[in-house]
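Using the working numbering, read the sequence shown as starting at -3 and increasing by one per residue.
Where a beta carbon is used, it is the ideal one built from N, C-alpha and C, also for glycine.
Data block below; observations after.
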Amino acid sequence: MTEKELLNIVSEIEDKKNDQIDLKKIFLNYRNNWYWFAIASLLLVSLAFLYLRYTTPQYAITSKLLIKDDTKGPDLGSNTVFSDLGIFNSSKNVLNEIEVLKSQVLMEHVLQDLSLYCSYFLEGTIKDQEIYGRELPIRMVVTNLDSTAYEKELVIRLANNKSFQLGELNEDGDITKWEKYSFGEEIARTYGVFSVLALTDILRVKEEKKNISVHFNDIPKLAQAYNKKIEIELVNEDAAILVISLESAIAAKGKDVINKLIEEYNKEDVEDKNQIAANTVKFIDERLDYIASDLTGVEKNVEEFKRENELTDVSSEASMYLEEATDYNKQLAELEIKIDVLNSVEPYLNKPDNQYALIPGSVSISDPTLQEPITQFNELILQRQRLLRTLPEENPLVQNLSEQLSNLRANINQNLKNVKESLEIKKRNIDASSRRFSSRIEQVPTMQRKLMEISRQQGIKEKLYLYLLQKQEEANLSLAASVSNSRIIDPATASNDPVSPKKGLIYAFALFMGLAIPVGGIYLRDITDDKVRSKKEVEKNTRTPILGEVPHSFSSSQLVVTEKSREPIAEVFRLIRNNLNFMAVGNKNKVLLVTSGMQGEGKTFFSINLGASLALIGKKVLIMDFDLRKPNVLKSLELSENKGITDYITADKAYIDDYLILLNKFPNFFVISSGTIPPNPNELMTSEKVGLLIEKLREKFDYIIIDTAPVGLVADALSLAPYIDSTIYMVRYNTTYKSQLEVVDDLHRNKKLKNAVIVLNDKKERAKINTYGYYSQDTNK
C-alpha cells in the first residue's frame, strides 16, 4: 500500500469521526452563552407579565337551551288545531333554530332591548376600563343618532350630583371644548340628540376624579361582531339541546346578551304561534258565519217543501223496498268477489311454473268441493318437498306423489268450473230480483226523493257547523295558552376565572421562547459563521497537525515572553518551543517560515515571542522580516527603521552583520528588518541572493524565524519554500475564515511548504494553572 493510499484511508476515518455529533460540544457551546438565555427569558417573561397586566381578560359565558325537535322527540308544544286534517302542524328542527338564534335581526333586537347604543369607559393610567351595568355612574339616553356619531368620542367629567361637563375628542385626541349640562337635559348636536342620566354610583366616580369616555355603537355592526363571537352547538347528535357560549370582557354584559337572546327568541316564537292561532280563529269565524247562513237556508227549504206537498212522514213501503234492494246489491257484490277469486285461482293452477307450487286458499269460498281437494293438494305438495330433500326426483315415492298431484289438479280444475257455473246462475237470479225491486223504487213519488236530497244537505251542513264550533274553542284555547318550543335548562353563567389570556400558558410560552430564541440565534449564528471559533473546526477542515494554541494576550506589549514572565501565555510559547523538536522528525529544524491566510492573524506576534522563548534557553535566534510589502517586526518591537533584507539583496557588496539588530533584553536574539519596500517584491524574492543569504545565516544562528507575507494573498511565502525546514501557519480565532483553512490543507497535502503545522492564536478562554504552577490546556474547549 502506497503512502498516498494510506493517507486517504486515514483521512476517511477522520472524516467519519468528525462528522459524528459531539453532544458535549453542543452543550458547552450553549452553556457558554448562558447569559443570552437569562436575558431572553427575563425579557420575554417581563413582556408576558406586561401583556397579562394590560390585556383585557375574557370570561366564558354559557347557557343550555332545549329545543323541542320533531327529529329528536315528540313536539309537545305544537298547535293541535286541525291536527286531524294534517294541516297547521307546528314543529321545530334544531339546525334551523341555530340559524334563527344567530340571525342578524334577532341580535339587533337584543342590543336594542339592552340599550347598548353606547359603550362606557372609565379613564385609567395606561388604558381605559370598560364599565357596564351596576358599575355605571351615568347612562346616556339616545333619542336620535346620525351615522357620523359612530366616529365621535365624548368625555364626561362629573361636577356634582346635578351637573356634568361634556367634551369631544378631536382627531389628535385632545378635548376641543368643555360644556356644562344638567343631568336629564336634552343635548342636541349635529350628529344626534341625547341626554345623560345620573345613577347611584355617581359619587364614587366623582371622588376618584376620573373621566368617563362614551362611544356610540352602530347597532348593525355591533350585532355582526356579536354573531361572530357567539357559538351555538349541539350537545350531541342525539339530543336537541343547544349550548350557547360567548367570550366577553365583562361577564355581566355577556350574560345579559345571552339571556336576552334566548328571551327574544322565545318571544318571537310565541308571537309566531299566536299569529297562526289568531289567523286560525279568524278563518273559523268566517266559515261559521257562512255555514250558518247556508244551514238556515236549507232548513227553510225543507219546511217549504213539506208544506207545499203536504208531507208529514216517509212511506214505510219505500223504506222496505230500499232495504230489499240494498240486500240484493250486497249479495251481488259477494258473488262478484267469489267469481273473481275463482278466476284468479284457475290460471295460477294451470301455469307450468306452478305445477308443484302451493295453491292459495280460496278466499270467501266455503264450497267443500274446492276446499277439501285444495287442502289435500297442498299437503301432497309439502310431502313431496320433504321427500325431495332426501330422495331424487326419479324415486318411485316421489313419482307416485307427482301422479297423485296431477290427478288432483285435474279434479280441482273441474270443480272450479262447476262452482263458477253455479255462482253465475245464482248471480243471474239475484240480478233479476234486484231489477224487479228497482222498478218498484222508481215508482216512489218524486217529491220523496227530493226531500231526501234536501235532508242530506241539511245533515252535512249541521255536522260541518258543529265541527267548526269545536275547532273554534280549541283555537281560542291554543291562543290563550301559547308557549315557546324551547326551554332554558341552564341560564347564562360566567366562568369564575378568565379563559383568555391563559396566564400559565402565556408564561410557559414566554419561558419556552426565552430558551428557544437564544437556541435558534446561536444555531443560526453557528451555521452562518464563516470564521474559525474552535479547535474542532480546524481539525474538521484540515489534516494539518496543530502545534499548539496561543491564548489571548492582555498585555499592551508585543513581547510577552521574558526571562521572569510566568504568565500562561509565556508558558504556552515554552510548550510550543518544546514541540518544535518533534516537527522535523530527526532532521534539522533551523529555518521556520511563519505565514497565514491574511493580515492580522498574529504572525509577527508569534514570531517575536517564539524567538524570545528560544533565546531564553541559550539558542541564537534571528527573526527575518520577509514581509516585503507590509513589514511590521521593527514597529512591534518599538525599534527604529534600519537597512534590511531588500537592501542586502540589491547591494553589490554587503556584510550581513551590518544588517543585524540585537535586542537589548536578550544577548543572543537578533532581528533583520525587511528594509526598503521594493516596487517588485515577488521578483526580488526569487533572486538567488535570497538563498545565499539564508545559507549564510544558517551557519551563524541556531534558529531562523522568517515572518513572511500571508500565503493566502500573495505568493511570496511560496518563493521561500526551497530554503525552509518547517512551516508554521497562523490561524486566529474569530478572525480567520473557515475557507482559508483550505489553503493550509492544500499546503500540507501537496507538500508545497515543508512540514506545515498550525498554531491557533488568540484563544479567549483563560489558560489553567495547576497546583504545581504548570500551564495546562483545556483541550475540550
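Ranking Lys467, Glu295, Tyr177, Ala247 by CA distance to the CA of Glu282 puts Lys467 first. For Gly598, there is no enclosing beta strand (DSSP E), as DSSP gives it neither H nor E.
Judged by their CB atoms, Tyr113 and Leu132 are not nearer to each other than the 8 Å cut-off.
For Glu264, the three-state secondary structure derived from DSSP is helix.
Assignment of Asp427 by DSSP, reduced to helix, strand and coil, places it in the helix class. Contact fails between the region 647 to 654 and the region 670 to 680, because fewer than three Cβ pairs, one in each stretch, are under 8 Å apart.
In this structure, the beta-carbon distance from Val41 to Tyr733 does not fall below 8 Å. The beta carbon of Pro343 lies closer than 6 Å to none in the same chain, with the five residues before and after it left out.
Straight across, the Cα-Cα distance linking Tyr47 with Ile152 is about 29 Å.
Beta bridge pairing from DSSP links Lys60 with Val239, Asp486. Residue burial annotation: Asp522 is exposed, with fewer than 16 other C-beta atoms found within 10 angstroms of its C-beta. The beta-carbon separation of Leu110 and Lys256, rounded to 6 Å, stays under the 8 Å limit for a contact.
Each residue's CA atom was taken as its position, placing Leu345 and Arg405 some 8 Å apart. The region 179 to 197 makes contact with the region 139 to 151, as at least three CB pairs between them are under 8 Å. Contact between the region 721 to 741 and the region 584 to 595 is established, with three or more Cβ pairs separated by less than 8 Å. Note that the region 687 to 705 touches the region 595 to 605; at least 3 beta-carbon pairs, one per stretch, sit closer than 8 Å. Across the structure, Gly169 and Arg483 are spaced so that their CA atoms are roughly 48 Å apart.
Separation of Leu571 and Leu38 (C-alpha to C-alpha, rounded to the nearest whole angstrom) is 44 Å. Ser59 and Ile258 do touch by the CB rule: their CB atoms are close to 7 Å apart, below 8 Å.
The C-beta of Gln54 has 16 or more other C-beta atoms within 10 Å across all chains shown, which makes the residue buried.
Separation of Leu462 and Gly455 (C-alpha to C-alpha, rounded to the nearest whole angstrom) is 11 Å. For the options Thr558, Ile226, Glu175, Tyr26, the alpha carbon positioned closest to that of Ile94 is the one of Ile226. By a beta-carbon distance limit of 8 Å, Tyr177 contacts Leu162. Their separation comes to about 6 Å.
Unbroken alpha helix (DSSP H) stretches of 4 residues or longer found wholly inside the region 638 to 710: 641 to 646, 677 to 681, 684 to 696, given in chain order.
When DSSP states are grouped into helix, strand and coil, Tyr177 belongs to the strand group. Note on geometry: alpha-carbon atoms of Thr144 and Glu182 lie some 19 Å from one another. For Asn156, the secondary structure class from DSSP, reduced to helix, strand or coil, is coil.
Inter-residue distance for Ala248 and Thr52 is about 15 Å (C-alpha atoms, whole angstroms). Spanning the alpha carbons of Leu384 and Glu420 requires a straight line of approximately 41 Å. For the pair Leu401 and Leu376, the CB atoms are nearer than the 8 Å cut-off. Remark: three or more beta-carbon pairs, one from each stretch, lie closer than 8 Å, so the region 632 to 645 and the region 657 to 676 are flagged as touching.
Per DSSP, Ile724 is one residue of the beta strand (DSSP E) stretching across 722 to 728. With a threshold of 16 other beta carbon atoms within 10 Å, Ile122 falls short and is exposed.
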